[in-house]
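Heads up, the sequence shown is in the numbering used here, so the first residue is 8 and it goes up one at a time.
Everything on this sheet refers to the single structure shown next.
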Amino acid sequence: MRDLRIGYVPYSEKLDHPADRRRFPYYAGKRNIKFEFADPSETYDLVYVSQSGDLTVWSEYQKGNAKVIYDFIDSYLAIPRSNLKGIFRGLAKYVSGQHRYLRWDHWKALEAMCQRADAVVCSTSEQRQDILKFCQNVQIIIDIKSMYDQVKTDYSTGEYINLVWEGVPSTLPAFQEIREVLSYLKTKHKIALHLVTALQYGQFAMGKFGKRNTADLVRDLFDFDEIYLYQWHEQLCSHIMSACDLAVIPIFPDDPLYWGKPEDKLLILWRMGLPTIVSPTPAHLRAMEGAGLSMACGTQQEWIETLEHYMGDESAREEAGKKGRAFSLEYNSDEKILKQWDDLFSSVIS
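Pasting the structure below:
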């Protein structure tokens, strides 16, 4: 591969997007593989198209004998065709400048990109089944996580039980799933909620328009005062999160895009040794089974019982944190993930 001309379509121009740091560029750095930013007017031996790439351009790329790999890590194909955001997603990508040409039917644009690709990389087995209709070489590779190196060692609590959540602001409304749970628990316990996220976000056209302060969204969502907002920073967030007592990952069950997400966030929290209570997505259930834990909650009562159990039992928190960390280190080790990347490129380069 070191003799090939490789073009990469990045998530961000400075390669500072989390997916740029945790996926192909990380692999390329570890294997001393050179690449350049891909230009569709140029000829390459291989083009690696990220999920942020212009599908209207790269699905039509036919220069030379180029091989194409498509990094398709979210479950957009699982979104119903009646979904309003899905209907206008193609227009939003055109208006925001992400796509050069207007392709109204974004599902068709995704399908065309998968059909053009010599290999598609996805993140869950459910997503793989959807993609196999359009490409026969579909491989599951989740993110590298070795940059999260802070590990929890003290599982005792102080005056407050410190709960932590990490994610993009647009997923904060999923706390409506456990809002009543938290309201009930705060009548019995002193609880502080720590939110590690972006302090501002865009509401429309792929986040480019309709800027809003995350603090305003938080005020609308929560009815108690002990909430702390932190600007997400890869080098600092593990220090903030590992200092907390429990992590939570609530997800709307009727949102196929987020319900279909991989277990990446859970594995990050486990890597830090954080006991984590989650919604029962397919990926979360598989990870819980692999770690020998039962911390996925599908009802309000399950959330209450599970939170109360771990809030009140230091040894249970420590056991869950250590079991999760052991599973994350074994299942999601750098060596295993890099080997998966090796196999991916071997499958398209003879």
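The beta carbon of each residue, even a glycine, is placed where N, CA and C say it ideally should be.
Simplified DSSP state of residue i, which is helix, strand or coil
i, result
"G36", "helix"
"D227", "helix"
"H240", "coil"
"D10", "coil"
"A205", "coil"
"L170", "strand"
"T194", "coil"
"L200", "strand"
"M253", "Correcting the residue identity first, residue 253 is Leu in this sequence and not Met. Strand at L253."
"V54", "strand"
"A303", "strand"
"E67", "coil"
"K268", "coil"
"A126", "strand"
"V188", "helix"
"K115", "helix"
"T283", "strand"
"D261", "coil"
"D350", "helix"
"V102", "helix"
"F44", "strand"
"R3", "In the structure displayed, the chain extends from 8 to 357; residue 3 sits before or after that span and is not available."
"D61", "coil"
Nearest candidate by alpha-carbon position, reference residue i, set the options
i, options, result
"R332", "S301, V158, I344 and E43", "V158"
"E118", "K21, A45 and K140", "K140"
"P25", "E241, S82, L206 and S66", "E241"
"S82", "F44, A222, S132 and I40", "S132"
"R12", "L22, A35, D23 and R30", "A35"
"H196", "R324, L314, E337 and D350", "L314"
"D150", "R29, L243 and E337", "R29"
"S335", "Y191, S153, I256 and K37", "S153"
"A179", "Q207, T63 and D156", "A small correction: the amino acid at residue 179 is Leu; Ala does not occupy that position in the sequence shown. Among Q207, T63 and D156, the Cα nearest to that of L179 belongs to Q207."
"H201", "K218, F182, V102 and H291", "F182"
"Y167", "D252, D341 and N90", "D252"
"Q134", "A290, R38 and L192", "A290"
"D262", "Y18, R9 and K92", "K92"
"N39", "M8, S48 and P17", "M8"
"K371", "P47, S48 and L53", "Because residue 371 is not part of the residues shown, which for the chain are 8 to 357, the question remains open."
Assigned exposure category for residue i - 16 Cβ within 10 Å defines buried
i, result
"K115", "exposed"
"N220", "exposed"
"H246", "exposed"
"S130", "buried"
"Y33", "buried"
"N339", "buried"
"Q69", "exposed"
"E136", "Strictly speaking, residue 136 in this sequence is Gln, with Glu absent from that position. Classification for Q136: exposed."
"Y162", "buried"
"Y55", "buried"
"K272", "buried"
"W111", "exposed"
"E270", "buried"
Rounded distance between the beta-carbons of residue j and residue i, thought under 8 Å
i, j, result
"I86", "L264", "6 Å"
"E173", "M248", "6 Å"
"N169", "A126", "Rounded, the Cβ-Cβ distance is 43 Å, inconsistent with contact."
"Y1", "F31", "Lying before the first or after the last residue shown, residue 1 is absent from the chain, which here runs from 8 to 357."
"I344", "I138", "That belief does not hold up - the Cβ atoms of I344 and I138 are roughly 20 Å apart, past 8 Å."
"A254", "L224", "About 20 Å separates the two Cβ atoms, so there is no contact after all."
"A205", "V175", "7 Å"
"T283", "I258", "Between I258 and T283 the Cβ distance is about 13 Å, and since that is not below 8 Å, they are no contact."
"K330", "A298", "5 Å"
Specify whether the region 178 to 195 and the region 215 to 230 touch according to this definition: at least 3 beta carbon pairs, one from each stretch, less than 8 Å apart.
The region 178 to 195 and the region 215 to 230 touch, with no fewer than 3 CB-CB distances between them shorter than 8 Å.
Any 3 or more C-beta pairs closer than 8 Å across the region 88 to 97 and the region 54 to 61
Counting Cβ pairs under 8 Å, fewer than three are found: no touch.
Tell me, please, whether the region 121 to 136 touches the region 62 to 82 by the rule of three or more beta-carbon pairs shorter than 8 Å.
yes
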